[in-house]
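In our numbering, the protein residues as written are 15 to 79.
The C-beta atom is built at its ideal place from N, Cα and C for all residues, glycine as well.
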Ligand SMILES: [Zn+2]
């Protein structure tokens, strides 16, 4: 999946970019209890997409696909 799509989905779900952590950008969901790391690559691998979905457990099912 292209990282642009991931970022678009994050923004659509009112997640906020809060900073960077090495090669990753840190995002926090709107409830503030969940956060995830998105690698700054052009493409985000299936495994990382799965982690992002798991990390942001409060978002509606299918928000990122
Ligand atoms: Zn949350």
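- CA-CA distance, residue 18 to residue 46, rounds to 22 Å.
- A check of alpha carbon separations from residue 34 across 58, 23, 52, 44 identifies 52 as the nearest.
- Its chain contains 58, 63 as the residues whose beta carbon lies nearer than 6 Å to that of residue 15, once the 5 sequence neighbours on both sides are disregarded; these appear in chain order.
- A distance below 8 Å separates the beta carbons of residue 54 and residue 39.
- Look at the segment 51 to 75 and you find these whole runs of alpha helix (DSSP H), each 4 residues long or longer: 60 to 69.
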